[in-house]
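Everything on this sheet refers to the single structure shown next.
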Ligand SMILES: [Zn+2]
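Residue numbers (the numbering used here): 160 to 515.
This is the structure in structure tokens:
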């Protein structure tokens, strides 16, 4: 699952309620004519970073920005009007002064040809006479040649042209590119900010537990709420619980995973493991309202002996890094074998000692 610039959310021109600080910071820089040539927008998947980049690009090109009042925190800043000729072009994603680059369909990398295209875009003059913005979504997927080509472009900035790199995994970008960009980090919102937003979109439903299941990443929560992912997650977590209790075989779980997709289940596994690790150390159960997680906690009896609890926590933490490595392997472009990777993870899970 990667962050995209469209589909599930109709993002017109304003930032999400949890992006007010970032928006204010950039719009102030723009107003003071000190907006940097290149930015790196980083943070977990599902926080709407690409949509922010897109919305801010449209704001930079807007001929008649308007004050944003609907989100109280942004009362002192402007957003794109949505009605001027530049906004209308940008609204359908084809403004000639906004270029968005991401891996092409069926590819796991951003290739050098795409960056050559970007380099040409950067040096040519603006169609509308104003700013130009190039957005690189999933920038950590630049292949080596593409990264080298981008570096050259970043070293020769063109006035009034901005490059926004967006990444869930900024650490995977080469250091020379990172050092050329101003950093802008996005954090998961607090529940009191994310919950009203989600509630307004989905109406009925247990917004609190959906947000918990998404690890407070609102756009993931929205996908969970709108699809049958929430049910798939419950089914997967229950099945790994059954493996641990000897009620299900690894083969049975593999069949279920093949149906739901490896990356998605590993994401749930990883989020669950970090909660279980915390529980083993503190005895505090997060997500008490979530019945799936509640049954998972019964796998583990937290020890009153501190050293034993720490031993369990560190084997959980070690296993967590294995799951994270598996997620990276699945996302890599070197033809991973999903079934083999999952089988190894489930085998390690079945052997993991959770009893202190
Ligand atoms: Zn406008």
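Note that CB positions come from ideal geometry on N, CA and C, so glycine has one too. This structure is a prediction, so every number in the text was calculated from the model and none was measured.
{"Asked": "Classification of residue 282 by the beta-carbon crowding that lies within 10 angstroms, buried from 16 upward", "Found": "exposed"}
{"Asked": "Reduced DSSP category for residue 409 - H, G, I as helix; E, B as strand; rest coil", "Found": "helix"}
{"Asked": "Close beta carbons around residue 412, own chain, < 7 Å, minus the five adjacent residues each side", "Found": "398, 399, 402, 505"}
{"Asked": "Same chain, Cβ closer than 6 Å to residue 301, neighbours up to 5 away in sequence not counted", "Found": "269"}
{"Asked": "Endpoints, the alpha helix (DSSP H) within which residue 259 is located", "Found": "From DSSP, residue 259 is part of no alpha helix (DSSP H) but of the beta strand (DSSP E) over 257–260."}
{"Asked": "Reduced DSSP secondary structure (H/G/I, E/B, other) of residue 291", "Found": "strand"}
{"Asked": "Neighbouring residues (CB closer than 7 Å to any heavy atom of ligand 1)", "Found": "221, 222, 223, 224, 239, 240, 241, 242, 243, 245, 246"}
{"Asked": "Buried or exposed (CB count within 10 angstroms, at least 16 for buried), residue 482", "Found": "buried"}
{"Asked": "Residue nearest to residue 463 in terms of C-alpha spacing, selected from 383, 438, 221, 393", "Found": "438"}
{"Asked": "Buried versus exposed call for residue 190 [16 or more other C-beta atoms within 10 Å across all chains shown]", "Found": "exposed"}
{"Asked": "CB of residue 174 within 7 Å of CB of residue 202, strictly", "Found": "no"}
{"Asked": "Chain B contact for residue 438 (CB, 7 Å cutoff)", "Found": "The question asks about chain B, but that chain is absent: this structure has only one protein chain."}
{"Asked": "Identified DSSP bridge partners for residue 341", "Found": "198"}
{"Asked": "CB of residue 313 within 7 Å of CB of residue 197, strictly", "Found": "yes"}
{"Asked": "Runs of beta strand (DSSP E) lying entirely within the region 306–335, each at least 3 residues, in chain order", "Found": "320–326"}
{"Asked": "7 Å Cβ cutoff met for residue 348 and residue 177", "Found": "yes"}
{"Asked": "Cutoff 6 Å; reference residue 428; Cβ partners in own chain excluding five residues on either side", "Found": "482"}
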